[in-house]
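Colleague: Let me give you the structure first, and then I'll get to my questions.
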Amino acid sequence: MKDLSKNLEKEGYDLLDGTLREQRLLQIWRKRFNNPIESLASSIHHIFNATTPLGTTTSTALDVVSNASQELKFNIGITVLEDILSKNNLGKLDLGTKISSGKKVDISYSNAFSETVEQLDLENFLAASDFVHPNPGVLKDLNRDNLIVITGVVYAKNLKAIIESESEIDASIDAEVNAIVGGKIGFTRESTTKIVLTAPLGETFPIAIKYHKMRFRDGAFKKLVLVSDSKDWF
0 MKDLSKNLEK EGYDLLDGTL REQRLLQIWR KRFNNPIESL ASSIHHIFNA
50 TTPLGTTTST ALDVVSNASQ ELKFNIGITV LEDILSKNNL GKLDLGTKIS
100 SGKKVDISYS NAFSETVEQL DLENFLAASD FVHPNPGVLK DLNRDNLIVI
150 TGVVYAKNLK AIIESESEID ASIDAEVNAI VGGKIGFTRE STTKIVLTAP
200 LGETFPIAIK YHKMRFRDGA FKKLVLVSDS KDWF
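Structure follows, in structure tokens:
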């Protein structure tokens with residue numbers, strides 16, 4: 000399969016691999032120098048007001064996701080997988096302690112869809128907008144290029160993880176995992192060294208985002224600037 004991260008990067012998206020999974024379209028986030036990124040507003044409309052319409056588009060035509068996967072080294076992959084399962088209340092499996100010698104974890108998604116806003120529409124909205132109310136703190140952050148807006152989100156409803164070990168995986172793990180998940184997660188074996196987990200992720204579990212800096216100068220909007228994946232803010 001193709002590399003999921005590279006596939007998404009070509010479309011301007013950043014694959015989420017951290018613990019933060021609350022991103023939604025048109026949220027405003029603040030990133031100040033050397034500080035962690037932080038949520039500022041759940042919607043752009045809480046800060047900006049304009050009569051210019053701002054529509055969004057939903058698409059299910061996402062070959063970029065369905066034909067690709069994320070291959071990770073074992074302990075990193077287990078960390079990412081356990082976090083995803085935990086955030087969906089699917090149980091804590093502690094696979095790292097149950098499999099003594101891991102090789103890799105391959106994560107893929109299905110039933111994905113995206114929500115986006117057109118860059119030109121958003122730029123027109125910001126150019127025509129005023130603050131909802133006076134806000135000196137936000138103005139200072141805008142003039143310093145500290146604020147970003149989420150312009151696209153890819154969601155997935157299902158996850159598949161292939162866990163590969165360097166040695167034979169003990170058969171007792173089957174019963175242990177099934178006892179923990181109680182039927183909420185599919186668990187099968189491909190071989191004595193490879194197990195497969197399939198899990199539902201709900202309706203709106205974000206796996207990738209596209210985000211732009213809002214560039215202002217002296218209180219006037221100038222342009223949106225796509226933030227590259229190398230920033231790794233989320």
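The opening position of the sequence shown corresponds to residue 0 in numbering that gives the first Met the number 0, with each subsequent residue numbered one higher. Using N, Cα and C, we set each Cβ at its ideal position, and we do this for glycine too.
(1) Per the DSSP calculation, residue 126 is bridged to which residue(s)?
(2) So the candidates are 30, 1, 3, 6; which of them puts its Cα closest to the Cα of residue 246?
(3) Could you name each continuous beta strand (DSSP E) segment of 3 residues or more that falls completely within the stretch 187-231, going from the start of the chain to the end?
(4) What does the Cβ neighbour count give for residue 67, buried or exposed, with the cut at 16 atoms within 10 Å?
(5) Could you tell me the alpha carbon to alpha carbon distance between residue 70 and residue 80, rounded to whole angstroms?
(6) Which two residues bound the contiguous beta strand (DSSP E) that contains residue 105?
(7) With C-beta atoms as the reference, is residue 122 less than 8 angstroms away from residue 24?
(8) In chain order, which continuous runs of the alpha helix (DSSP H) of length 4 or greater are located wholly inside the stretch 20-74?
(9) Under the rule that 16 or more other beta-carbon atoms within 10 Å means buried, what is residue 194, buried or exposed?
(10) Could you please give me the residues that DSSP links to residue 155 through a beta bridge?
(11) Is the beta carbon of residue 170 closer than 8 angstroms to that of residue 200?
(12) What's the call for residue 9, buried or exposed, on a 16-neighbour Cβ count within 10 Å?
(13) Does the stretch 164-179 come into contact with the stretch 110-119, if we say contact requires no fewer than three beta-carbon pairs (one atom in each stretch) closer than 8 angstroms?
(14) What are the boundary residues of the alpha helix (DSSP H) that includes residue 176?
(15) Got a sec? Which residues, its chain only, sit under 8 angstroms from residue 157 by beta carbon, not counting five neighbours each side?
(16) Alpha carbon to alpha carbon, how far is residue 138 from residue 83?
(17) Can you name, in chain order, every residue of its own chain whose Cβ lies under 8 angstroms from the Cβ of residue 130, other than the five neighbours on each side?
(18) At the level of alpha carbons, what is the spacing between residue 185 and residue 65?
Modeller: In brief:
(1) Along the sequence shown, one-based indexing puts residue 126 at 127. According to DSSP, residue 126 bridges with nothing at all.
(2) Beyond the ends of the chain as shown, which are 0 and 233, falls residue 246; an answer cannot be given.
(3) 193-199, 205-216, 219-225
(4) As a first step, residue 67 is located in the sequence shown; it is residue number 68 there, counting from the start. Buried: at least 16 other Cβ atoms inside 10 Å.
(5) By one-based count along the sequence shown, residue 70 stands at place 71. By one-based count along the sequence shown, residue 80 stands at place 81. Going from the Cα of residue 70 to the Cα of residue 80 covers about 12 angstroms.
(6) Here the question's residue 105 lines up with position 106 in the sequence shown. From DSSP, the beta strand (DSSP E) with residue 105 extends over 101-115.
(7) Counting from 1 along the sequence shown, the entry for residue 122 is found at position 123. Counting from 1 along the sequence shown, the entry for residue 24 is found at position 25. The answer is no: Cβ separation not under 8 angstroms.
(8) 62-65
(9) As a first step, residue 194 must be located in the sequence shown, where it is residue number 195. Flag for residue 194 reads buried.
(10) Position 156 of the sequence shown holds residue 155. Bridge partners of residue 155: 111.
(11) Within the sequence shown, numbered from 1, the residue matching residue 200 stands at position 201. Within the sequence shown, numbered from 1, the residue matching residue 170 stands at position 171. No, the Cβ-Cβ distance between residue 200 and residue 170 is not below 8 angstroms.
(12) As a first step, residue 9 is located in the sequence shown; it is residue number 10 there, counting from the start. Flag for residue 9 reads exposed.
(13) no
(14) Stepping through the sequence shown from its first residue, residue 176 is reached at position 177. Here the alpha helix (DSSP H) through residue 176 covers 171-180.
(15) Reading the sequence shown from its first residue, position 158 is the one you call residue 157. Closer than 8 angstroms at Cβ, skipping near neighbours: 108, 109, 110, 197, 198, 199, 200.
(16) To locate residue 138, count along the sequence shown from 1; it is residue 139. To locate residue 83, count along the sequence shown from 1; it is residue 84. Cα to Cα, the separation comes out at about 36 angstroms.
(17) Mapped onto the sequence shown, residue 130 falls at position 131. The residues are 46, 47, 48, 137, 138.
(18) Taking the sequence shown and counting its residues from 1, one reaches residue 185 at position 186. Taking the sequence shown and counting its residues from 1, one reaches residue 65 at position 66. Residue 185 and residue 65: Cα-Cα distance of roughly 19 angstroms.
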